[in-house]
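Residue 283 is where the sequence shown starts when you use the numbering used here, and the numbers rise one by one after that. Yeah, the Cβ is synthetic: ideal placement off N, Cα and C, and Gly gets one too.
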Amino acid sequence: MQAKKRIVKKASQNNSLETSQSSEKVEAILQGAIHEFVKNGFAATTMDKVTAAAGVSKTTVYSYFQDKEKLFIALIERLITNRGAAFNQLNPEMFQGEPAEVLTNFATHLLNQFAKDVSDSPEFLGLIRLMIGESGRFPMLAQYMVSHIDRNVVQVIANYLRSHTDLQIADSEATTRVFLGALVHYTMIEYMLQAGEIMPMKQERLIKCLVNFIIPKQENEADKYSAIKEKTSRRKRSSSGKFEQDYQEPKNVRSLRLTDTAWENLDNIARENNLTRSELVERLARGEKFE
């Protein structure tokens, strides 16, 4: 019985060793493939070059990957899976707080994570460029990325915006795609195209602008319907310095007190005509018509 246990234990150890060696060989092949694909592109890369870069035999390469296409697919799928895991495991606490703060933190995290990937893995950008460049030949890889990364991120942000009905966003999904699209464009200019010096912009500036587009600053209610503090410069002054009245109005109109609804309507009309409320009131008093 003891002899049988020793045989079973030794067989198990051998299997573990073989598994470890197998994993090491696969990793060596993939690393060699990354180097060759990024250096030469898909068309110019051969299995012989991958074999030499990996430091293994051609038989070993073909025992794991039947041809160059399957090797390339495995390589890109691993890249997408690793990056997708980072986005699919977002900290739930990131989505706690006011919408402006949440969107700012998420955008900052997204751009910082991309910068970290570029810094940690010199081949990262090359693989992304290669995947985009070969998307015509391998459309399933681009679709795989959209399914495992893009769609999940869009759903998370869109659901968050949808849950905040106070934002009054008509189309949460479209808004999310505009938001993410601007961030992706930033990474393309800054990293993919290496054209940051041509179109320089601090990421904080971009993020602040994006958040303000989605969540405009709310006007203080105390000021929204307050009396107009600034005087218009269109009226003439007399020699004594007093304003000259250039239109006629009944006295009862001068003392009219408007409701909040009326002030809101005036505010909307002024905005539509690119006027201040004071300018709108003055032009209405002169008899001008506004739709």
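Open item on the list: With distance defined between alpha-carbon atoms, name the residue in L557, D349, T543 and F377 nearest to T328.
Closed with: Within the sequence shown, numbered from 1, the residue matching residue 328 stands at position 46. If we check each option's Cα against that of T328, D349 comes out closest.
- [ ] May I have the straight-line CA-CA distance separating Y346 from I480, to the nearest angstrom?
- [x] Counting from one through the sequence shown, the residue named residue 346 turns up at place 64. Counting from one through the sequence shown, the residue named residue 480 turns up at place 198. Approximately 45 angstroms between the Cα atoms of the pair.
- [ ] Confirm, please, whether the CB-CB distance from A315 to L353 is below 8 angstroms.
- [x] Position 71 of the sequence shown, counting from 1, holds the residue named residue 353. Position 33 of the sequence shown, counting from 1, holds the residue named residue 315. Cβ distance < 8 angstroms, so L353 and A315 count as in contact.
Task: Through-space distance from D453 to L548, alpha-carbon basis - done: Here residue 548 refers to the residue found at position 266 of the sequence shown. Here residue 453 refers to the residue found at position 171 of the sequence shown. In a straight line, the C-alpha of L548 is about 27 angstroms away from that of D453.
Open item on the list: My output table needs one value for K484: the three-state DSSP class, helix, strand or coil.
Closed with: Here residue 484 is taken as the residue at index 202 of the sequence shown, counted from 1. In the three-state DSSP reduction, K484 falls in the coil class, being neither helix nor strand.
Task: Neighbourhood of K331 by C-beta distance below 6 angstroms, restricted to the same chain and skipping five residues each side - done: Along the sequence shown, one-based indexing puts residue 331 at 49. Same-chain partners within the cutoff: E318.
Open item on the list: Counting beta carbon pairs with one atom in the stretch 403-418 and one in the stretch 479-496, are three or more of them shorter than 8 angstroms?
Closed with: With a cut-off of 8 angstroms, the stretch 403-418 and the stretch 479-496 do not count as touching, because too few Cβ pairs lie within range.
TODO: Measure from the alpha carbon of S445 to the alpha carbon of each residue in S403, V338, S304 and G379, then state which is nearest.
DONE: Numbered from 1 along the sequence shown, position 163 holds the residue referred to as residue 445. That would be G379, whose Cα lies nearest to the Cα of S445.
TODO: Could you tell me whether the stretch 426-437 touches the stretch 454-470, using the rule of 3 or more Cβ pairs below 8 angstroms?
DONE: yes
Task: Contacting residues, own chain, Cβ-Cβ under 7 angstroms from L407 (five flanking each side not counted) - done: As a working note, residue 407 is residue 125 in the sequence shown. Same-chain partners within the cutoff: V400, Y473 and M474.
TODO: Since I believe T386 is in contact with V493 (beta carbons under 8 angstroms), could you give me their beta-carbon distance rounded to a whole number of angstroms?
DONE: Within the sequence shown, residue 493 is the residue found at index 211, counting from 1. Within the sequence shown, residue 386 is the residue found at index 104, counting from 1. Rounded, the Cβ-Cβ distance is 5 angstroms, consistent with contact.
Open item on the list: What does the alpha-carbon distance come out to for the pair F324 and L409?
Closed with: Counting from one through the sequence shown, the residue named residue 324 turns up at place 42. Counting from one through the sequence shown, the residue named residue 409 turns up at place 127. Rounded to whole angstroms, F324 to L409 spans 10 angstroms at the Cα level.
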